[in-house]
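Beneath this line is the structure, given in structure tokens, with notes to follow.
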Ligand code: GRF
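In the working numbering, the protein residues as written are 2 to 220.
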């Protein structure tokens, strides 16, 4: 299955909570015609998210849907689904969106919600993945783009790239090198998901073609 089946650009939304550097990478790819979809909407749960300005600068519609106004996760999920459906959004990219999405949301967009995480999942899910990696003493970490399921950072993996951990790394220096890789693989993963045929075999996302670029390890 590829999401783009009629040769029409798929309408995409990006959900953010913060500075939006991955959003910026997606915007850049979209403007360069390399995303395979059409960015249409950016939603933040926080009014002070820096990414909102990046979205406005790119001419995108922005919405703030503050989670605090909703009594339950289910009600919040439903509100998000409603704003996305009202704009005919077909795929959702989480880019530093700091809320867990439940079954209501995931079932509204089956295998069409993707997330980026700053570790090689399943290692170090959740918060402070770079600090977790350093504390564990791994020599290699990286970034993962995966489909979103109600379980935290657990859905089928679309694309990963490794980043070596240096002996003198701090969480900040490691995060910076991983972030540079995130900005490369997120647009690439979205493009592959939209434009390449794929199937899910157990937990494996199996693509009909190998990736055009091969970067197993980032120096
Ligand atoms: C990134 O490290 C991403 O992997 C994680 O949250 C961070 C968001 O950064 N989920 P930004 O807002 O995209 O700059």
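Beta carbons are placed, not taken as given, at the ideal position from N, Cα and C, and that holds for glycine.
Only a predicted model underlies this, so the values are computations on that prediction, with no experimental measurement involved.
### Task
Locate the beta strand (DSSP E) running through residue 73, then write down its first and last residues.
Boundaries cannot be given for residue 73, as no beta strand (DSSP E) includes it and DSSP labels it neither H nor E.
### Message
So, with DSSP's three-state summary, where would you put residue 35?
### Response
When DSSP states are grouped into helix, strand and coil, residue 35 belongs to the coil group.
### Query
From what residue to what residue does the alpha helix (DSSP H) around residue 52 run?
Here the alpha helix (DSSP H) through residue 52 covers 52-58.
### Task
Indicate the three-state DSSP secondary structure (helix, strand or coil) for residue 83 in the structure shown.
For residue 83, the secondary structure class from DSSP, reduced to helix, strand or coil, is helix.
### Message
Could you check whether the Cβ of residue 162 sits closer than 7 Å to any heavy atom belonging to the ligand GRF?
### Response
No, since every heavy atom of the ligand GRF falls outside the 7 Å radius drawn around the Cβ of residue 162.
#### Entry: Top-ranked residue by Cα proximity to residue 52, from 38, 209, 21, 80
For the residues 38, 209, 21, 80, the minimum Cα distance to residue 52 belongs to 21.
### Query
Can at least three beta-carbon pairs, one atom from the stretch 79-95 and one from the stretch 166-179, be found at a separation below 8 Å?
A contact between stretches requires three or more CB pairs, one per stretch, nearer than 8 Å, and the stretch 79-95 fails this requirement with the stretch 166-179.
#### Entry: Close beta carbons around residue 43, own chain, < 6 Å, minus the five adjacent residues each side
Taken in chain order, the residues that qualify are 15, 56, 61, 63.
### Message
Please state whether the Cβ-Cβ distance between residue 39 and residue 12 is less than 8 Å.
### Response
Result yes, Cβ atoms of residue 39 and residue 12 sit closer than 8 Å.
### Straight-line gap, residue 153 to residue 101 (C-alpha atoms, nearest Å)
Between the C-alpha atoms of residue 153 and residue 101 there is a straight-line separation of about 7 Å.
### Query
Helix, strand or coil for residue 117 per DSSP?
In the three-state reduction of the DSSP assignment, residue 117 falls in the strand class, which pools E and B.
### Query
Taking the continuous beta strand (DSSP E) assigned at residue 201, which residues delimit it?
In this chain, the beta strand (DSSP E) harbouring residue 201 covers 199-202.
### Query
Taking the beta strand (DSSP E) that residue 61 falls in, what are its first and last residues?
Taken as a continuous stretch (DSSP letters only), residue 61 belongs to no beta strand (DSSP E), as it is neither H nor E.
### Same chain, Cβ closer than 8 Å to residue 160, neighbours up to 5 away in sequence not counted
Only residues of its own chain outside the window of five on either side were considered, and among them 145, 146, 186, 189, 190, 193, 212 have a CB closer than 8 Å to the CB of residue 160, listed in chain order.
### Message
On the CB-based measure, 16 or more other CB atoms within 10 Å of its CB, does residue 210 come out buried or exposed?
### Response
Result: exposed.
### Task
Taking only heavy atoms of the ligand GRF into account, decide whether any of them is closer than 7 Å to the Cβ of residue 147.
Every heavy atom of the ligand GRF is 7 Å or more from the Cβ of residue 147, so no.
#### Entry: Of the residues 98, 77, 128, the one placed nearest residue 104, counting alpha carbons only
Of 98, 77, 128, the residue nearest in Cα terms is 77.
### Query
If you pair each beta-carbon of the stretch 165-174 with each one of the stretch 127-141, do three or more pairs fall below 8 Å?
Flag = yes, the stretch 165-174 and the stretch 127-141 touch.
### Message
I want to check one thing, is the minimum distance from the CB of residue 119 to the heavy atoms of the ligand GRF below 7 Å?
### Response
Short note on residue 119: C-beta closer than 7 Å to some heavy atom of the ligand GRF.
### Message
Restricting to Cα atoms, I'd like to know which of 37, 58, 47 is closest to residue 25.
### Response
Here the closest residue by C-alpha is 58.
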